[in-house]
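K.L.:
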Amino acid sequence: MVPPHPARAASAPGSVVSSTPPPGIGFWIPLASPTLPPRAPTRGRRAPIPMPSYEAFSRVYDLPLERLYRSARRAAAEALELREGHRVLDVPCGTGQSFDALVERVGSGGDVVGLDLSPGMLREARARVASRGWRHVEPREADALTVTDEELPGASFDRLHVFLGMSVFPEPAATFARLWRALRPGGRCVVVDVHAARPGVQGRLVNFVARADVRRRSWEALEAVACGFERRALSSSWVHGGELFLASGDKPA
Ligand SMILES: C[S@@+](CC[C@H](N)C(=O)[O-])C[C@H]1O[C@@H](n2cnc3c(N)ncnc32)[C@H](O)[C@@H]1O
2 MVPPHPARAA SAPGSVVSST PPPGIGFWIP LASPTLPPRA PTRGRRAPIP
52 MPSYEAFSRV YDLPLERLYR SARRAAAEAL ELREGHRVLD VPCGTGQSFD
102 ALVERVGSGG DVVGLDLSPG MLREARARVA SRGWRHVEPR EADALTVTDE
152 ELPGASFDRL HVFLGMSVFP EPAATFARLW RALRPGGRCV VVDVHAARPG
202 VQGRLVNFVA RADVRRRSWE ALEAVACGFE RRALSSSWVH GGELFLASGD
252 KPA
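So the mapping is simple: my numbering equals the position in the sequence shown, first residue as 1, plus 1.
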């Protein structure tokens, strides 16, 4: 089992619905600085190296994105079929935008553990946890690919939530495999991400700013290992840079 937290002893398949771009989305533009350093290295076991762009915009990340993804976060939490007392692994947790939807479903008897590489994003996540007074939500600094068995033991979570991670992880298949190991047999996983086979201008901007690759078929790692796999489109607009999808499936018992 994972050590307890120290503070404790949708839309129809295939449909795409347009929505008005939220205020503040203009933050994407000034942040698309051509001087951003390259992506974090992708090979071999390594010490966690946060992606510089997330350090740069962690303080403003919530302003454009909290509202943009709110309904998708609710859909993801719903699709996870959460119960009171469940232990949920949320990776990457970023600034903790998904915590509300997860916490209200697992109750005070459950746990939410978030992993992220970025100290800046985690600072915001911890501020969110403190402001809500949650004692059962723990954002931890870790590379989801290289996190150790001591930090993340096998089969220690009831639910796995991967929201806007698979398009960003430098090694998505291996990273997903590592996280999947932490899910117990019979546990459930939900992946939400953006996909565009041929990204337009906004998709390319999202790729650049978020160090993402929205061309990835980010559901395939789950599809390959889950039983009862399903994928459906969520309501999305041009601002997302592609089609938002929700994929779900269970780990064979
Ligand atoms: C687009 S943000 C998504 C954050 C959050 N899931 C959300 O929906 O707001 C991508 C996050 O992935 C994190 N990240 C990228 N690679 C990672 C890795 N190997 N391990 C943990 N976090 C990682 C970044 O630091 C960043 O916070």
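The beta-carbon is built from N, C-alpha and C at its ideal position, and this holds for glycine as well.
Would you call the CB atoms of H196 and G243 closer than 8 Å?
P.N.:
yes
K.L.:
Is any heavy atom in ligand 1 found nearer than 7 Å to the beta carbon of C340?
P.N.:
Outside the displayed span of the chain (2 to 254) sits residue 340, for which this structure offers no information.
K.L.:
Taking 8 Å as the threshold, find out whether the segment 147 to 154 comes into contact with the segment 122 to 137 through three or more Cβ pairs.
P.N.:
no
K.L.:
Using three-state DSSP, classify L64 as helix, strand or coil.
P.N.:
For L64, the three-state secondary structure derived from DSSP is helix.
K.L.:
By the three-class DSSP mapping on this structure, what secondary structure does D214 have?
P.N.:
Correct three-state label for D214: coil.
K.L.:
Below 8 Å between beta carbons: does that hold for G108 and A126?
P.N.:
Taking 8 Å as the Cβ cut-off, G108 and A126 do not qualify as a contacting pair.
K.L.:
Where does E82 sit, in a helix, a strand or coil, going by DSSP?
P.N.:
Three-state result, E82: coil.
K.L.:
Could I get the ranges of all uninterrupted beta strand (DSSP E) runs contained in the segment 165 to 225, with 3 residues as the minimum, in chain order?
P.N.:
184 to 196
K.L.:
Is D117 a contact residue of ligand 2, with contact defined as CB to any heavy atom under 7 Å?
P.N.:
Questions concerning ligand 2 fall outside what the structure shown contains, since the ligands it does hold are ligand 1.
K.L.:
Counting C-beta neighbours from all protein chains within 10 Å, is the total for A102 16 or more, i.e. buried, or is it exposed?
P.N.:
buried
K.L.:
Could you give the residue range of the alpha helix (DSSP H) that holds E152?
P.N.:
No alpha helix (DSSP H) contains E152, which DSSP labels as neither H nor E.
K.L.:
Taking DSSP as the reference, what is the three-state secondary structure of G121?
P.N.:
Annotated three-state conformation of G121 is helix, per DSSP.
K.L.:
Thinking G188 and R160 are a contact (beta carbons under 8 Å), I'd like their distance in whole angstroms, please.
P.N.:
6 Å
K.L.:
By the DSSP assignment, the alpha helix (DSSP H) with P92 in it spans what residues?
P.N.:
For the record, residue 92 in the displayed sequence is Val; it is not Pro. No alpha helix (DSSP H) holds V92; DSSP gives it neither H nor E.
K.L.:
So what's L247 in DSSP terms, helix, strand or just coil?
P.N.:
strand
K.L.:
Report all residues from its chain with a CB closer than 6 Å to the CB of F170; omit the five preceding and five following residues, and keep chain order.
P.N.:
T176
K.L.:
Which residue from G110, A76, L118 puts its Cα closest to that of V1?
P.N.:
Since the displayed the chain opens at 2 and closes at 254, residue 1 lies outside it and no answer follows.
K.L.:
How would you label T149, buried or exposed, when you count the other beta carbons within 10 angstroms and need 16 or more for buried?
P.N.:
exposed
K.L.:
Anyone know if the C-beta pair for R179 and A145 falls short of 8 Å?
P.N.:
yes
K.L.:
Report whether the distance from the Cβ of G166 to the nearest heavy atom of ligand 1 is below 7 Å.
P.N.:
yes
K.L.:
How is L161 classed by DSSP in three states: helix, strand or coil?
P.N.:
strand
K.L.:
D159: beta carbon under 7 Å from a heavy atom of ligand 1?
P.N.:
If you check the C-beta of D159 against ligand 1, you find no heavy atom less than 7 Å away.
K.L.:
Give the straight-line distance between the Cα atoms of C228 and S249, rounded to the nearest whole angstrom.
P.N.:
About 9 Å.
K.L.:
For A156, would you say it is in contact with chain C, using Cβ-to-Cβ distances shorter than 8 Å as the test?
P.N.:
Protein chain content of the structure displayed is limited to a single chain, and chain C is not contained in it.
K.L.:
Could you tell me which residues DSSP pairs with A126 in its beta bridges?
P.N.:
DSSP output for A126 lists no bridge partner at all.
K.L.:
Distance check for V193 and A73, CA to CA, integer angstroms please.
P.N.:
In this structure, the CA atom of A73 is about 8 Å from the CA atom of V193.
K.L.:
Would the C-beta of G95 count as close to ligand 1, meaning under 7 Å from any of its heavy atoms?
P.N.:
yes
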